[in-house]
Amino acid sequence: DSGVTQTPKHLITATGQRVTLRCSPRSGDLSVYWYQQSLDQGLQFLIQYYNGEERAKGNILERFSAQQFPDLHSELNLSSLELGDSALYFCASSPDMPGNTIYFGEGSWLTVV
Amino acid sequence: GDSVTQMEGPVTLSEEAFLTINCTYTATGYPSLFWYVQYPGEGLQLLLKATKADDKGSNKGFEATYRKETTSFHLEKGSVQVSDSAVYFCALSSPNTGNQFYFGTGTSLTVIP
Numbered sequence: 319d320s321g322v323t324q325t326p327k328h329l330i331t332a333t334g335q336r337v338t339l340r341c342s343p344r345s346g347d348l349s350v351y352w353y354q355q356s357l358d359q360g361l362q363f364l365i366q367y368y369n370g371e372e373r374a375k376g377n378i379l380e381r382f383s384a385q386q387f388p389d390l391h392s393e394l395n396l397s398s399l400e401l402g403d404s405a406l407y408f409c410a411s412s413p414d415m416p417g418n419t420i421y422f423g424e425g426s427w428l429t430v431v
Numbered sequence: 003g004d005s006v007t008q009m010e011g012p013v014t015l016s017e018e019a020f021l022t023i024n025c026t027y028t029a030t031g032y033p034s035l036f037w038y039v040q041y042p043g044e045g046l047q048l049l050l051k052a053t054k055a056d057d058k059g060s061n062k063g064f065e066a067t068y069r070k071e072t073t074s075f076h077l078e079k080g081s082v083q084v085s086d087s088a089v090y091f092c093a094l095s096s097p098n099t100g101n102q103f104y105f106g107t108g109t110s111l112t113v114i115p
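Heads up: the sequence lines are chains U and E, in that order. Using my numbering, the first residue of the first sequence is number 319, and each one after it goes up by one. Using my numbering, the first residue of the second sequence is number 3, and each one after it goes up by one.
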């Protein structure tokens, strides 16, 4: 158990819909990362938050957004869903210090039908 | 910018064979280097890491040495088991880039009895 909790574990939704994925980081970790993993694209970095502020942005679509709340949990919002958004979405957290490890949750499987 | 390049898979080995998965990196400064493993249906978990040149990370029979002169961090195991079948990711993190994590594309390993 990494200590990073993601919900829901699985969800199926229709094209055009909106979903929210939730992440609780490890206790004490200030940084939260979101990744997308699909068969054809591999592991793609989406966005990072540090202590409530956006720290870095990767290959995140404009239809996607994220935020980190004062209690450090984070949400990834995916809207106007397309079939190609079907993927495994990982949240990860770290203390954000040099040499520190990043810890992954078990992921949220999203299937868009 | 910082990046990691790892050998493409998939790799198929017989049980007890020797494993090498190559990883090279590009980074400014002195990054920390990591190997993560993803077992089927699970999230990524840390396998081993090294935080400075010439350090050797080791865990579960796997080893990797941080070679600054060749900018490499190759993963090795002397005798693989069926239970080692997984996807292996090389990664780096550098304080020069705000402790961002950069992952390779992953190498799928299948060990057959």
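For every residue, glycine included, the Cβ atom is placed at its ideal position computed from N, Cα and C.
At least one CB of chain U closer than 8 Å to the CB of E:F103: is that the case?
-> Residue contact check for E:F103 against chain U: a CB pair falls below 8 Å.
Is E:V113 closer than 8 Å to E:L46 when the C-beta atoms are compared?
-> No, the Cβ-Cβ distance between E:L46 and E:V113 is not below 8 Å.
Based on the DSSP secondary-structure assignment, which residues constitute the bridge partners of U:A384?
-> DSSP output for U:A384 lists U:L394 as bridge partner(s).
I think U:T333 touches U:L401, with their Cβ atoms under 8 Å apart; what is that distance to the nearest whole Å?
-> For U:T333 against U:L401, the beta-carbon gap comes to about 6 Å, under 8 Å, which counts as contact.
Cβ pair E:T109, E:V89 closer than 8 Å = Between E:T109 and E:V89, the C-beta spacing is below 8 Å.
Top-ranked residue by Cα proximity to E:N98, from E:G106, E:P33 and E:C92 = The residue with the shortest Cα to Cα distance from E:N98 is E:P33.
Do we get a CB-CB distance below 8 Å when we pair U:D414 with the residues of chain E?
-> By this cut-off, U:D414 is an interface position.
Cβ of U:I378 within 8 Å of any chain E Cβ | Contact of U:I378 with chain E is not assigned, every C-beta pair being separated by 8 Å or more.
Are U:A405 and U:S392 touching if we call contact CB-CB under 8 Å?
-> The criterion of a C-beta distance shorter than 8 Å is not satisfied by U:A405 and U:S392.
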